[in-house]
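J.:
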Amino acid sequence: TIKIVGVQLKKFLKGTNMKLFFNTLILILFTHKLFSGELIWESFGTDNMSSIFQYEEGKTFIVYSNKYQHTTNLGVNGVGNCSGIIEITNKQSMNIMCETNTKFGKYFIRVMDVKAGDISSNAAAFEFLSGEGIWKEFVGIECLGAYYQMPENHYMWKGKCKVPDATINRVKNIIAEKS
Numbered sequence: 008t009i010k011i012v013g014v015q016l017k018k019f020l021k022g023t024n025m026k027l028f029f030n031t032l033i034l035i036l037f038t039h040k041l042f043s044g045e046l047i048w049e050s051f052g053t054d055n056m057s058s059i060f061q062y063e064e065g066k067t068f069i070v071y072s073n074k075y076q077h078t079t080n081l082g083v084n085g086v087g088n089c090s091g092i093i094e095i096t097n098k099q100s101m102n103i104m105c106e107t108n109t110k111f112g113k114y115f116i117r118v119m120d121v122k123a124g125d126i127s128s129n130a131a132a133f134e135f136l137s138g139e140g141i142w143k144e145f146v147g148i149e150c151l152g153a154y155y156q157m158p159e160n161h162y163m164w165k166g167k168c169k170v171p172d173a174t175i176n177r178v179k180n181i182i183a184e185k186s
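In our numbering, the protein residues as written are 8 to 186.
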């Protein structure tokens, strides 16, 4: 017989313990799969820093906006724009609202909480605040995006959200029905 931490497997897997063991194993396997979906998209566009205020050494306040187009791993493309503020003190903080229009509805995200980087390239958290159509499914989900500034006010951005597989499958079914 095989021993598990001093308990014989044969003895452990009898009756109630066996049911508990298999139920726990099934729960772990299904829970892992339940939260393994991802929403991924890439955006490309132009940005504008219409006002830059350097009010003290190392302290800057920027009025920011951009226009973009994006693609997703759901096969949904969209166009949109963002506006907000970027403040640089000891760290960089953002409060930027974005509106995106797609064939399957409109959605709003808020970019906030810079995790790493600087004004030219960074990783920041963002959240779906509101959505219409398929985008209602993502409201409240927090995600992570990476921004990279390029010459002539162009930029690239990629975002990723962990989403339950059930949500991704539901959205894919709606897209298939309406396509």
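Even for Gly, the Cβ is constructed at its ideal location relative to N, Cα and C. Treat the numbers as computed from the prediction; the structure is a model and nothing was measured.
Taking the alpha-carbon of T96 as reference, which of F68, A130, N176 has the nearest alpha-carbon?
T.: Closest by alpha carbon: F68.
J.: Using DSSP with H/G/I as helix, E/B as strand and the rest coil, what is K169?
T.: In the structure shown, K169 sits in a strand (DSSP, three-state: E or B).
J.: Provide the residue span of the beta strand (DSSP E) that contains Q81, from first to last.
T.: According to the sequence displayed, residue 81 carries Leu and not Gln. Per DSSP, L81 belongs to no beta strand (DSSP E) and is neither H nor E.
J.: Mind reading off the beta-carbon distance from G1 to K169? Whole number of angstroms is fine, and I expect it under 8 Å.
T.: Any question about residue 1 goes unanswered here, given that the chain covers just 8 to 186.
J.: Taking only the alpha-carbon atoms, compute the straight-line gap between N129 and R117 and give it to the nearest angstrom.
T.: Each residue's alpha carbon lies about 15 Å from the other.
J.: Check for me: the beta strand (DSSP E) holding G124 runs from which residue to which?
T.: Counting along the chain, the beta strand (DSSP E) containing G124 begins and ends at 112 to 124.
J.: To the nearest angstrom, how far is the alpha carbon of Y154 from that of M163?
T.: Straight-line Cα distance between these residues: approximately 6 Å.
J.: For G82 versus N108, is the C-beta distance shorter than 8 Å?
T.: Not in contact: G82 and N108 (Cβ atoms no closer than 8 Å).
J.: Please state whether DSSP places N88 in a helix, a strand or coil.
T.: In the structure shown, N88 sits in a strand (DSSP, three-state: E or B).
J.: Residues bridged to N176 by DSSP?
T.: DSSP, once it has assigned bridges, lists no residue as partnering N176.
J.: If you draw a straight line from the alpha carbon of A131 to that of S137, how long is it in whole angstroms?
T.: Taking the straight line joining both Cα atoms gives about 19 Å.
J.: What does the Cβ neighbour count give for M187, buried or exposed, with the cut at 16 atoms within 10 Å?
T.: The chain is shown only over 8 to 186; residue 187 falls outside these bounds and no answer can be derived.
J.: Go through the stretch 130 to 161 residue by residue and report every complete run of the beta strand (DSSP E) that reaches 3 residues or more, in order.
T.: Complete beta strand (DSSP E) runs here, min 3: 149 to 156.
J.: Could you name the residues that DSSP lists as bridge partners for T67?
T.: Beta-bridge pairing links T67 to Q61, I95.
J.: Is the separation between the beta-carbon of I92 and that of Y71 shorter than 8 Å?
T.: Cβ atoms of I92 and Y71: closer than 8 Å.
J.: Between the C-alpha atoms of E45 and E63, what's the straight-line distance to the nearest angstrom?
T.: The straight-line gap from Cα to Cα measures roughly 42 Å.
J.: When you compare each of K143, I103, K98, T174 to N73 by their alpha carbons, which one comes out closest?
T.: If we check each option's Cα against that of N73, I103 comes out closest.
J.: For G87, does the count of other Cβ atoms within 10 angstroms reach 16, so buried, or fall short, so exposed?
T.: Classification for G87: buried.
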